[in-house]
Amino acid sequence: MKWSEIRDAAMLDEIRKESIRQKVLIFKHSIHCGVSASVLSELENVWQDEEMQGLKPYFLDLIRYRSISNQIAEDFGVVHQSPQVIVIESGRAIYNSAHFGISYQELRNLAQSAT
531 MKWSEIRDAA MLDEIRKESI RQKVLIFKHS IHCGVSASVL SELENVWQDE EMQGLKPYFL
591 DLIRYRSISN QIAEDFGVVH QSPQVIVIES GRAIYNSAHF GISYQELRNL AQSAT
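Going by the numbering used here, the sequence shown wraps up at 645, each residue one higher than the last.
In structure tokens, the structure reads:
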């Protein structure tokens with residue numbers, strides 16, 4: 531699994547544009563949260579690139595980049611949570627889940643569904 535790390539707010543515009551061509555996943559992670567570490571580890575362990583080609587993964591360290599996390603919540607109309615996955619398609623959030631509700635199966639279904 532290859533994460534693209536979100537490090538500045540300008541990347542959100544790039545992500546929005548990219549989501550027109552393919553679905554984008556944003557994983558919001560807190561380094562201070564055991565649940566977040568557990569969910570991240572599980573996702574990375576089960577992720578199969580060939581199954582997930584329809585979903586480009588981005589990673590946000592929300593402790594380091596809290597203002598970007600807040601901007602994501604505002605721009606895509608989701609309530610901030612951690613850990614959290616948000617799937618963006620055509621510039622809008624089509625799915626979000628948090629904590630132990632984050633499901634590889636659901637993400638795989640989204641990755642493999644027609645755009």
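For every residue, glycine included, the Cβ atom is placed at its ideal position computed from N, Cα and C.
Quantities reported herein were computed from a predicted structural model and do not represent experimental measurements.
For D543, the uninterrupted alpha helix (DSSP H) segment begins and ends at A540 to R551. One thing to note: Q642 has its Cβ within 7 Å of the Cβ of G584. Contact annotation: V617 and L592 have beta-carbon atoms that are not nearer than 7 Å. The alpha helix (DSSP H) runs lying completely inside the segment 551-601 and spanning 4 residues or more are 564-576, given in chain order.
In this structure S612 is in contact with S566, their Cβ atoms being roughly 6 Å apart against a cut-off of 8 Å. Around the beta carbon of N626, 16 or more other beta carbons sit within 10 angstroms, so the residue counts as buried. A residue is called buried when at least 16 other Cβ atoms come within 10 angstroms of its Cβ; M582 meets this threshold and is buried. Only buried fits Q614, as 16 or more other CB atoms lie within 10 angstroms of its CB. A check of alpha carbon separations from L573 across C563, H562 and P587 identifies P587 as the nearest.
By the neighbour-count definition (other C-beta atoms within 10 Å, threshold 16), K558 is a buried residue.
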